[in-house]
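Number of protein chains: 2
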Amino acid sequence: MSFLDRIAACNNADLSRFVPFRAGGALVGHIHRDRVAELAPFTEVFVADAGGIALAPALDTAEKRTRAVDAALRALRQRGVVKGWRDERYPVHPLDGGPMLLAMERAAVPHFGVGANGVHMNGFVRRGDGLHLWVARRAQDKPTYPGMLDNTVAGGQPISIGLKENLIKECREEAGIPRAIAERAQPVGTVSYVFEEEATLKPDVQYCFDLEMPADFTPRNTDGEIGEFMLWPIERVAETVRDSAAFKFNCNLVIIDFLVRHGLIPPEHPDYVAICRGLRR
Amino acid sequence: MSFLDRIAACNNADLSRFVPFRAGGALVGHIHRDRVAELAPFTEVFVADAGGIALAPALDTAEKRTRAVDAALRALRQRGVVKGWRDERYPVHPLDGGPMLLAMERAAVPHFGVGANGVHMNGFVRRGDGLHLWVARRAQDKPTYPGMLDNTVAGGQPISIGLKENLIKECREEAGIPRAIAERAQPVGTVSYVFEEEATLKPDVQYCFDLEMPADFTPRNTDGEIGEFMLWPIERVAETVRDSAAFKFNCNLVIIDFLVRHGLIPPEHPDYVAICRGLRR
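For the record, the sequence lines run as chains E and Y. Going by the numbering used here, the first residue of the first sequence is number 8, and it counts up by one from there. Going by the numbering used here, the first residue of the second sequence is number 8, and it counts up by one from there.
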């Protein structure tokens, strides 16, 4: 197995299985063909449009679209179609950029192949015996990817809060990292991918941060989402990413990006250029 | 003007102006339509092939291809078509990867749209008054891009030497940086682009390095290629990149990548995701 295998696993989507999803005239996502029938009952919200699905033209403001889609999604939740309702809304923008066209319940976003953002942070420690990374293991009762390895801190990016403030909040909730330390986190770029899973599509962008953590600080979860934290030598982290699928799919990209930026995957690596290109689709 | 303008300027190629160039059955580059006639006299080297140009099938080893192409290029040099002969050969690989199919005089590589590699290093200094970057100005008598601003150290990547060793050599020649300091340069990834200029094509990859330099060290050119070195506050560097075309085209990408990785272009920047994606085409 290889770093490129991890990148390929995050870019496994076959768009021929999806139809376009439009809102306000713009392409905002993709819906799996198997899901189109689920939307048929909501004739005042979702309409057939040029081989795909569009929001009804009468929904001509972001507020109207948000309200109409929310009502349909709550009905789909009742029917057990939308699972893991979060009561948290993500913005929906044109796929090629532009103003927000509506807001959508987070749990439904991948059903529509709408792009989502998140913040991911690698918390590392420089020790006499080398660079170490704090690896998180997701709680066994977490609805998504239970028990899998994760970045030190990671979370979705909601509408209502800035990126850095969101990261500071997640640092506190997920790892007990006080604001004074979390504020030192340095933005270092993005990773992006198009991931298909169980008739959902995630064309997502994750904002990456590095945080050099004090050697005497131990992360401690406070919200029940993380089962344990482990301080691993970076070589063990790199091998685990390269040789296994133990990390949640997208966390692999965040770690590979860290390894490249810190010179831990050397430029002589035969896949170096493909790795650098592959991290941002 | 904007950072995205600098990225767009490096990705200005219109491939409809070029025809494919094949060697050993593989696509290895692209030749501008205006240059096809230049190759017509060399019927034993270049042949018409599926709407493009290929090396003659009889040239069935890397050695034969290298020798035949070299003879043709020396004739083109005599006629003034290939200018700035370097007597330095670059490897030619299939564009989608694979073993070397021939080696080609460096000055001719962009005539064939063959990908080239280089090493680019940002030498920076952390001072009490903030991060500073050593900016180089190319000599006024340099054949390419005279007088333009450049990264602290940069050079093409020849066949005969490893990436890090090449960087150490360029550090010494271009900036008088001794090996003991140059060895600390950290590989941090690649930038890549497809640049068209005067009927040539550069689908190039540059390997990027960061070097934190001692505050009391002043770079000093030894090979005549650099006119002067200037230690600029990073804000001035960022503004110059954003608001002007004062830097040689590809050096802008190396600096933008530096600004992203060091958190100096913040994730709240409206173009952040497009910038991160745009640096590696």
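Don't be surprised by glycine CBs; every beta carbon is placed ideally from N, CA and C.
Proximal residues of chain Y, C-beta to C-beta of residue i below 8 Å
{"i": "Gln193/E", "result": "His269, Gly270"}
Contact list for residue i against chain Y, beta-carbon separation under 7 Å
{"i": "Leu170/E", "result": "Pro274, Glu275"}
{"i": "Cys283/E", "result": "Gly196, Thr197, Arg287"}
Residue i in three-state terms, based on DSSP
{"i": "Glu180/Y", "result": "helix"}
{"i": "Tyr200/Y", "result": "coil"}
{"i": "Val54/E", "result": "strand"}
{"i": "Val212/Y", "result": "strand"}
{"i": "Gly285/Y", "result": "helix"}
{"i": "Ala20/E", "result": "coil"}
{"i": "Ala75/E", "result": "helix"}
{"i": "Leu260/E", "result": "helix"}
{"i": "Leu62/Y", "result": "strand"}
{"i": "Ile233/E", "result": "strand"}
{"i": "Val244/Y", "result": "helix"}
{"i": "Leu271/Y", "result": "coil"}
{"i": "Lys291/Y", "result": "Outside the displayed range of chain Y (8 to 288) lies residue 291/Y, so it cannot be described from this structure."}
{"i": "Ile188/E", "result": "helix"}
{"i": "Phe49/Y", "result": "coil"}
{"i": "Asn228/Y", "result": "coil"}
{"i": "Ile175/Y", "result": "helix"}
Beta-ladder partner(s) of residue i, from DSSP
{"i": "Trp141/Y", "result": "Leu238/Y"}
{"i": "Ile38/E", "result": "Val26/E"}
{"i": "Thr207/Y", "result": "Glu204/Y"}
{"i": "Glu219/E", "result": "Phe131/E"}
{"i": "Gly163/Y", "result": "Gly125/Y"}
{"i": "Phe254/Y", "result": "Leu156/Y"}
{"i": "Val99/E", "result": "Leu109/E"}
{"i": "Gln147/Y", "result": "Gln147/Y pairs with nothing; no bridge assigned."}
{"i": "Ile14/E", "result": "According to DSSP, Ile14/E bridges with nothing at all."}
{"i": "Ala33/Y", "result": "Ala30/Y"}
{"i": "Met85/Y", "result": "For the sequence presented, residue 85/Y should be read as Gln rather than Met. Paired residue(s): none; Gln85/Y is not in a bridge."}
{"i": "Pro194/Y", "result": "Phe216/Y"}
Interface residues of chain E facing residue i [CB-CB closer than 8 Å]
{"i": "Val280/Y", "result": "Thr197, Ser199, Val212"}
Cβ of residue i within 8 Å of any chain A Cβ
{"i": "Gln164/Y", "result": "In the displayed structure, chain A is absent; the protein chains listed are E and Y."}
Which runs of the beta strand (DSSP E), 3 residues or longer, sit entirely within the stretch 107-134 of chain E? 109-112, 124-134
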